[in-house]
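Chains as they are written, first to last, in the numbering used here: chain A, 1 to 583; chain B, 1001 to 1214. Glycine residues also receive a C-beta, built at the ideal position from the N, C-alpha and C atoms. Model, not experiment: these values are computed from the prediction.
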Amino acid sequence: MSQPQTTVAGRWPTWLGLAGLGLAGTAGVLVTTVYAEPYDPYVLLRILVVSPMWILTGAVALAQRPRNRTGIWMMAVGLAQLPPFLHLGEPITYTATRLINGLAIAFAVHLILAFPVGRLTSRAARLVVMVAYLDVFLSGLGGTVFTDGCHGCPRNLLLIQDSETLHGVVGLLTLPLDLIIFGSVVVILVHRWFTAGRPTRRALAPVLWASVATAAFEAANTVSENLLVGSTLWRVLGWTEAIVVCSTPLAFLFGLLRARLDRGAIADMLVALGQDPSPELTRAALARTLGDPSLQLAFWVTERSGFVSADGVPVDDPRHGTDRAHTILTADDDVTPVAAIMYDPVLLDNPTLVGAAATAARLALDNARLQAGVRSQLAEVREIREQLRAVRAAERSRMERDLHDGAQQRLLGIRVALRVARSNLTGPAELTEFMDATDAEVAAAMDELRALVRGVPRMRLAEGGLRSALQSVCARASLPVRLDVDEHRLPEPVETAAYFVVCEALVNVERHARASTARVDVTRTGDRVVIEIADDGVGCALSGPGGTGLRNMAGRVEALSGVFTVESRPGSGTCVRAEIPCG
Amino acid sequence: MRVILADDAVVIRQGLAHLLSAQGVEVIAEADDGDSLIDLVARHGPDVAVVDIRMPPTYTTEGLQATSVIRQRHPDVGVLVLSQYVDVDYALHLIGGGSAGIGYLLKDRIVDVDQFVVALGRVARGETVVEPTLVSDLVAGSTARDVLAVLTSREREVLALMAEGLTDRGIAARLTVTTRTAQAHVEAIFRKLDLPAGPDDNRRVHAVLRYLTA
Chain A
1 MSQPQTTVAG RWPTWLGLAG LGLAGTAGVL VTTVYAEPYD PYVLLRILVV
51 SPMWILTGAV ALAQRPRNRT GIWMMAVGLA QLPPFLHLGE PITYTATRLI
101 NGLAIAFAVH LILAFPVGRL TSRAARLVVM VAYLDVFLSG LGGTVFTDGC
151 HGCPRNLLLI QDSETLHGVV GLLTLPLDLI IFGSVVVILV HRWFTAGRPT
201 RRALAPVLWA SVATAAFEAA NTVSENLLVG STLWRVLGWT EAIVVCSTPL
251 AFLFGLLRAR LDRGAIADML VALGQDPSPE LTRAALARTL GDPSLQLAFW
301 VTERSGFVSA DGVPVDDPRH GTDRAHTILT ADDDVTPVAA IMYDPVLLDN
351 PTLVGAAATA ARLALDNARL QAGVRSQLAE VREIREQLRA VRAAERSRME
401 RDLHDGAQQR LLGIRVALRV ARSNLTGPAE LTEFMDATDA EVAAAMDELR
451 ALVRGVPRMR LAEGGLRSAL QSVCARASLP VRLDVDEHRL PEPVETAAYF
501 VVCEALVNVE RHARASTARV DVTRTGDRVV IEIADDGVGC ALSGPGGTGL
551 RNMAGRVEAL SGVFTVESRP GSGTCVRAEI PCG
Chain B
1001 MRVILADDAV VIRQGLAHLL SAQGVEVIAE ADDGDSLIDL VARHGPDVAV
1051 VDIRMPPTYT TEGLQATSVI RQRHPDVGVL VLSQYVDVDY ALHLIGGGSA
1101 GIGYLLKDRI VDVDQFVVAL GRVARGETVV EPTLVSDLVA GSTARDVLAV
1151 LTSREREVLA LMAEGLTDRG IAARLTVTTR TAQAHVEAIF RKLDLPAGPD
1201 DNRRVHAVLR YLTA
């Protein structure tokens, strides 16, 4: 079996990462030595620690998950924090960087909403991100146009008027937008958590924790700013916040790579599979290892040219468009499918893991495939047998009906004709007697025909149903039989089998049981029907397969995937029980 | 009494017509399928229509369908349904299906012409007729045995006759007792079996049959 293909990671994340780090370093140097404007330690922290953290983790994420754009957005968050410090003293660049102030936050919103698949998947998310970009643009514009900037900064080219009030007006516009964005992000994340499968949740968890912590710190900041400035608590709060802010990019990376850490679980899976590699257990083990309880297995059966589930039931080909991700395992020729694993699309991120798990489970999968194949064949054989039986039964039923009805009608016609003739007859008494005798013969023939037909269940069953047929059987029994039959019709093969079992069992009761009463119960519960024939006779010591009668009954019941049991103890009666599934 | 016969077997239909005429029953028309039967009943308005369940084209339940139509459109026309086998569910369906004047017998009964004419008369009068062997099967079977244990043997007899559709007078005649006695038995039975008492029409028959099959 060939390894599922993974795309080759290019070297460009490394180059981009190095370039980003270089930029950060440049910014640091500029801020500390070149610029005239004052800076505070947090700015330096931002430039030399936080931004590089994002850039680095973003590069690692891109290298590890090349098909996932999350890495790109992480690097963007890091890089977007640098422009304010790269203006090189020129008014033009300074003004430009003032305009894009806050872009990092928009990128952060984009990153959070696209996590962990790397794309915005819902309309709501796309809308929120658009609003975020708009918000950032507005506040950037407002800030540039109505605020002078700092003492010692280069000239702000777009400054209209340094006015607290006007800036405040812009703030009135952007503040509600801020709140809406914040609220929407929270709602979307909460919704995503509750609708996500396990793999997605595990990826989201670290990010959510980090986001919650950051938000908490922001809130604490805003609240306590005026009270605690300068105190030790303030500094402690500040440094704790810094640590949280620095580790947020790590949280994102951790969440993204989380699936990888479970590689060790594959070893456990191998041990578990070694003990009992049945199809069900294989599926359960793979689901557990990959952390996706909704994982499904399907096996390729050459005879059917299709996939079947673990029970041999045909399933849709996963290659033909489903909303689940799938991996097809092929035979050594790389073309013939062997098995298919269907799972949560989040796992698509880590094809090596899926491939590794599948390889490790190869032996078990082969075994499971064989079992599924055999079950599928068994199911097919049973299907065919049932069809044959149904066809035979229908044929026979038709033949018997034609035979019986035709003959019965004719005999009746003859009796009527004889009556007519006799009523018009005038002649010697011998003739009348002769006609009476003939009539009696015909009547006897009709009785025998009727008895013959009654011995054959299908017509009575087909017309009147199991209940009607069993009523006459029980009425004719040589001992009192209490009958309790569910009045709903059952599928024809089930009714025939039930009729046969009851008749055989009653014959046994009459011949061997020496019972005083018997009872026959046919009850339908859910998707099965239970047929019980019990008597209060002498019982029997059951040993070995039992007589031919019992064997026949068992055979009939088992042919319909039913269960046949006999309970009997010497002296305390017998109970014959058949349980047949009837859909 | 004016009757119409419906059966696709010519020998039986014509033979029966002959036998009935000999007994003074007027056979005004004959039909060989459901549609022509309905047509003839509409045109001639008989007292009773004798219908075989199995008729062309499918030979399954054309007779039952024609019976429903006749009872709907001509509730005063009695219908006597004949069948090769008697089925309790068909019986319940027919008897529960509307006004009285309905019968359900084994086709073999036509050979015993005297009894058949009596049955025709009962149906013409608006009574209900149920095949006796069906009733005896039900009474002898299964659950019936337990639940009927509370009745005396005489009462069991009366119950069977009720199931066959006999009125109180008919029961009295069959058992050679007075109508009063028969009615007393009937009341006792209904009380013991906890059935709602009512007039001796087909609703009673339906109730008893239902009781015996439950």
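Inset, instruction - Kindly list the residues whose CB is nearer than 6 Å to the CB of T523 (chain A), restricted to its own chain and excluding five residues on each side of it in sequence; keep chain order. - result: D486 and V530
Inset, instruction - Count the other C-beta atoms from every protein chain shown that fall within 10 angstroms of the C-beta of I1012 (chain B), then say buried if there are 16 or more, exposed otherwise. - result: buried
Legend entry - Where the alpha helix (DSSP H) through A1119 (chain B) begins and ends: V1113 to A1124
Legend entry - Rounded Cβ spacing between I328 (chain A) and L295 (chain A) (contact assumed at less than 8 Å): At roughly 14 Å, the Cβ-Cβ gap does not stay under 8 Å, so I328 (chain A) and L295 (chain A) are not in contact.
Inset, instruction - Can you give me the start and stop residues for the beta strand (DSSP E) that P581 (chain A) sits inside? - result: T574 to P581
Legend entry - For T121 (chain A), three-class secondary structure by DSSP: coil
Legend entry - Buried versus exposed call for G1103 (chain B) [16 or more other C-beta atoms within 10 Å across all chains shown]: buried
Inset, instruction - Measuring only between beta-carbons, confirm whether V1027 (chain B) sits less than 8 Å from chain A. - result: no
Legend entry - Pairwise C-alpha distance: E1127 (chain B) and D1201 (chain B): 7 Å
Inset, instruction - Give me the Cα-Cα distance between Q1014 (chain B) and L1080 (chain B), rounded to the nearest whole angstrom. - result: 17 Å
Legend entry - Cβ shell of L16 (chain A) (< 6 Å), same chain only, five flanking positions each side left out: none
Inset, instruction - State the DSSP-derived secondary structure class of A603 (chain A), mapped to helix, strand or coil. - result: The question about residue 603 (chain A) has no answer here: the residues shown for chain A are numbered 1 through 583.
Legend entry - Inter-residue Cα distance where the pair is S572 (chain A) and R514 (chain A): 12 Å
Legend entry - Where M446 (chain A) meets chain B, residues with beta-carbon distance less than 8 Å: D1108
Inset, instruction - Could you work out which residues of chain B lie near G537 (chain A), taking near to mean beta carbons separated by less than 8 Å? - result: Chain B residues near G537 (chain A): none, gap ~18 Å exceeds 8 Å.
Legend entry - For T1143 (chain B), the three-state DSSP class (helix, strand or coil): Here the model assigns T1143 (chain B) a pLDDT of 49, short of 50, so the residue's position is not dependable and the matter cannot be decided.
Inset, instruction - Can you check DSSP and say which residues form a bridge with P337 (chain A)? - result: A:T330
Legend entry - Buried/exposed call for T144 (chain A), threshold 16 Cβ in 10 Å: buried
Inset, instruction - Output yes or no for whether 8 Å exceeds the beta carbon distance between G537 (chain A) and T574 (chain A). - result: yes
Legend entry - Option nearest R519 (chain A) by Cα separation, candidates A:D527, A:A534, A:T525 and A:N508: A:A534
Legend entry - chain D within 8 Å of R524 (chain A), Cβ atoms only: The chain inventory of the structure shown lacks chain D, comprising the protein chains A and B.
Inset, instruction - Evaluate contact between the region 120-130 of chain A and the region 168-178 of chain A, counting only Cβ atoms and requiring at least three cross-stretch pairs below 8 Å. - result: no
Inset, instruction - Give the DSSP-derived three-state secondary structure of Q409 (chain A) in the structure shown. - result: helix
Inset, instruction - Would you please verify whether the beta carbon of G1015 (chain B) is less than 8 Å from any beta carbon of chain A? - result: yes
Legend entry - Rounded straight-line distance, which links the Cα of G89 (chain A) to that of P154 (chain A): 6 Å
Inset, instruction - Can you give me the Cβ contacts of I105 (chain A) inside the same chain, cut-off strictly under 8 Å, excluding the 5 residues immediately before and after it? - result: A132 and V136
Inset, instruction - Please list, in chain order, all residues of the same chain as R46 (chain A) whose beta carbon is under 7 Å from its beta carbon, the five residues on each side excluded. - result: Q81
Inset, instruction - Could you pull out every residue in the same chain whose Cβ sits closer than 6 Å to the Cβ of L1159 (chain B), ignoring the five residues on either side in sequence? - result: I1189
Inset, instruction - Decide if the region 1024-1040 of chain B is in contact with the region 1050-1065 of chain B; the criterion is three or more beta carbon pairs, one per stretch, under 8 Å apart. - result: yes
Legend entry - When B:R1002, B:A1197, B:E1164 and B:V1177 are compared against V1088 (chain B), the one with the closest alpha-carbon: B:E1164
Legend entry - Residue-chain proximity (L1019 (chain B), chain A), Cβ-Cβ < 8 Å: yes
Inset, instruction - For A368 (chain A), name the three-state secondary structure that DSSP assigns. - result: helix
Inset, instruction - Report yes if the C-beta distance between R385 (chain A) and A205 (chain A) is below 8 Å; otherwise report no. - result: no
Legend entry - E383 (chain A) versus L348 (chain A): straight-line alpha-carbon distance, rounded: 38 Å
Legend entry - V185 (chain A), DSSP secondary structure in three states: helix
Legend entry - Residues, ordered as in the chain, of the region 464-475 of chain A that lie near chain B by beta-carbon distance below 7 Å: G464, S468, Q471, S472, C474 and A475
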